[in-house]
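Protein chains: 2
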Amino acid sequence: MRILVVEDTVDVGEAIVARLERLGHAVDWQQTGPDAEAAIKVQRYDLIVLDVMLPGKDGMAVLADCRATGVKTPVLILTARSRIDDRVSALDYGADDYLTKPFDFRELEARVRALLRRSGGSSVSQLQLGDVTLDQVSRSVSVAGRPCELTRREIALLEVFMLRPQKVFTKPELLDQLFSFDKDAGENAIELYVGRLRRKLHAARMEIRTLRGLGYQAVEREA
Amino acid sequence: MRILVVEDTVDVGEAIVARLERLGHAVDWQQTGPDAEAAIKVQRYDLIVLDVMLPGKDGMAVLADCRATGVKTPVLILTARSRIDDRVSALDYGADDYLTKPFDFRELEARVRALLRRSGGSSVSQLQLGDVTLDQVSRSVSVAGRPCELTRREIALLEVFMLRPQKVFTKPELLDQLFSFDKDAGENAIELYVGRLRRKLHAARMEIRTLRGLGYQAVEREA
DNA sequence: TGAAAACTGTCATGCACCTGTCAGATTGGC
DNA sequence: GCCAATCTGACAGGTGCATGACAGTTTTCA
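Rendered as structure tokens:
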């Protein structure tokens, strides 16, 4: 999943980014309101974590402008203030959830998961396709009940496929989902990881099909 | 376990902190109501030991505000007064237990243990995984019935793992559980202690697995 | 009280695995 | 058959983890 973190305090920002990247997400980090808006215009995100107190432009204003311009990405507001009207106005402006600072990282993770899940459509944190199960919480994969050792990137790629079975992903699309701005990679990397996934999942009742010239697609395989 | 002690009398505060640290807990100590509230907002605790008489803000008020903002951490109230209505109001405000000063430290320890145990979900004070047994009261560990010499920190870490077998703990998460504010350590410390635990428990039917990039996990080992 | 022993956490080193690029092999379409 | 797209093995660099040595601190014990 691709996430934008907007937070001006370096310490906090770095901590959040590290935490979310560790979960296998592609995370971009902006420190001001205008920079955040620029990033949102350029890139589609699955989630935006937005601090309220920002230099340049208030987080709430950024949120309002986003919604006004039709951006429907889920937004998690971070607010240092805990007054009721703040929470209410956050939700009124179109936020999907809020968290008052300072917060526990485990709670942040839980809310992030909840929002990503909600937008992903499914309500469980276990994805399933054929006999392959991906647990989004423990970031583990099993085939026919047996645990399957995958690396972080492999899991991230598999997650993209499993969130939308049948959907055909182009390579640029997959690159967007897997890499953040600074860590850009060639399209070859995708081919490589598809290959690795295929090898590790060769016994599964699921396969990643190549649609020449179009991209890749995950489908359930008949027994 | 991570504990916050709120007590303005230096002698008493130091004594409580020393006593609880000796049991292997990570203890933070605040001396005023506002400071305590700030700490609670920043950090998640497994238990709060709260004096009623405090400069700045009354302990009971701190407790009430905590509960109002959804903090569910168990709270043990220390009160110098022993009048019935005080006890009653403490429980009404959402305290889980109280102790009238002056008190015997052994009783404090017992009540702390009870509260921690209750929040941990288990009603027994003996944790078990594979052939490893951890006695939370005597803070001792044995493997297949044989006592095993572990240091405080080693036991504290093992306790975290054994309270939630299978769960994958990230290193920041483990640091949160093991270290207080002032005694912050690098993630290296976790790796180090995992290594030490592994060496001392190598013969046990339990192991701490490394999930590269994710964290550590305690599992029962097959014979 | 003072010295020895044990405990803690940092540093630095080394190793293993993960990552992404390259280049050559293979496949599919025309 | 030819070209482009894809696959795959090899490889270099990086990252994360394991581990030994060490210094500061605490605890123990005489």
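Chains E and S, in that order, are what the protein sequence lines are. Position one of the first sequence corresponds to residue 1 (my numbering), numbered consecutively onward. Position one of the second sequence corresponds to residue 1001 (my numbering), numbered consecutively onward. A virtual CB, placed ideally from N, CA and C, is assigned to each residue, including glycine.
Measure the C-alpha to C-alpha separation of S:V1027 and E:D176 and round it to an integer number of angstroms.
44 Å
Measure the CB-CB distance between E:Y45 and E:R111 and report whether it falls below 8 Å.
no
By the DSSP assignment, the beta strand (DSSP E) with E:E207 in it spans what residues?
206 to 211
Taking a cut of 7 Å between CB atoms, which residues from the segment 128 to 154 of chain E lie near chain S?
S138, R139, R152
Answer with buried or exposed for E:Q126, where buried requires no fewer than 16 other C-beta atoms within 10 angstroms of its C-beta.
exposed
What is the DSSP secondary structure of S:Y1093, reduced to helix, strand or coil?
coil
Which whole-angstrom value is the C-beta distance of E:L50 and E:I77, which I expect to be below 8 Å?
6 Å
Give the secondary structure of S:Y1045 by DSSP, where H, G and I count as helix, E and B as strand, and everything else as coil.
coil
Compute the beta-carbon to beta-carbon distance between S:P1074 and S:K1057, rounded to the nearest angstrom, for a pair I have assumed lies under 8 Å.
In fact, because the Cβ distance is near 20 Å, the residues do not count as touching under 8 Å.
Spatial distance of E:A38 from E:Y93 (CA atoms)
19 Å
Which residues in chain S have a C-beta closer than 8 Å to the C-beta of E:A22? List them in chain order.
Residue identity check: residue 22 of chain E is Arg in the sequence provided, not Ala. By Cβ distance, chain S contributes T1170, G1213, L1214.
Where in the segment 29 to 80 of chain E do unbroken runs of the alpha helix (DSSP H), each at least 4 residues long, occur, reported from the N-terminal end onward?
33 to 42, 59 to 68
Verify whether the separation of the beta carbon atoms of E:R221 and E:R205 is less than 8 Å.
yes
Out of S:S1089, S:A1080, S:L1116, state which residue places its alpha-carbon closest to the alpha-carbon of S:L1099.
S:A1080
Under a Cβ-count criterion, where at least 16 other Cβ atoms within 10 Å of its own Cβ denotes burial, should E:D96 be classed as buried or exposed?
buried
Select from the segment 92 to 107 of chain E all residues with a C-beta closer than 9 Å to any C-beta belonging to chain S, and list them in chain order.
T100, K101, P102, F103, D104, F105, R106, E107
For E:A144, name the three-state secondary structure that DSSP assigns.
coil
Return the residue from the list S:A1090, S:D1065, S:R1153 that minimises the CA-CA distance to S:I1040.
S:D1065
Taking just the CA atoms, how far does S:E1109 sit from S:S1180?
19 Å
Flag E:S122 as yes if its beta-carbon sits less than 8 Å from any beta-carbon of chain S, otherwise no.
Residue placement at E:S122 cannot be trusted, given a pLDDT of 46 that sits under 50; what the coordinates show is reported in the next sentence. No, its Cβ sits nowhere closer than 8 Å to a Cβ of chain S.
Give the straight-line distance between the Cα atoms of E:C148 and E:R196, rounded to the nearest whole angstrom.
13 Å
Rounding to the nearest angstrom, what Cα-Cα distance links E:L211 and E:S142 in this structure?
26 Å
Three-state class that DSSP yields for S:F1179 in the structure shown:
coil
With distance defined between alpha-carbon atoms, name the residue in S:T1009, S:Q1031, S:E1159, S:F1103 nearest to S:A1218.
S:E1159
On the three-state DSSP scale, how would you describe S:R1164?
coil
Boundaries of the alpha helix (DSSP H) in which E:E220 is found, first to last residue
Premise fails: E:E220 lies in the beta strand (DSSP E), 215 to 220, not in any alpha helix (DSSP H).
For E:G121, count neighbouring C-beta atoms within 10 Å of its own C-beta (all shown protein chains included) and say buried if the count is 16 or more, exposed if not.
Its pLDDT being 46, under 50, E:G121 is placed unreliably by the model, and nothing is read from it.
In the DSSP assignment, find the alpha helix (DSSP H) that holds E:L197 and state where it starts and stops.
187 to 200
Distance cutoff 8 Å, beta carbons only. Does S:R1164 sit that close to anything in chain E?
no
Buried versus exposed, by CB contacts within 10 Å (16 or more), S:A1156
buried
Taking S:A1189 as the reference, give the member of S:V1168, S:L1129, S:E1154, S:T1032 with the closest Cα.
S:E1154
Closest to E:A203 by CA distance: which of E:Y193, E:R152, E:V132 is it?
E:V132
When DSSP labels each residue in this structure, what does E:R2 get in the three-state scheme?
strand
Does S:R1022 pass the burial test, meaning 16 or more other C-beta atoms within 10 Å, or should it be called exposed?
exposed
What is the rounded straight-line gap between the Cα of S:E1191 and the Cα of E:V71?
43 Å
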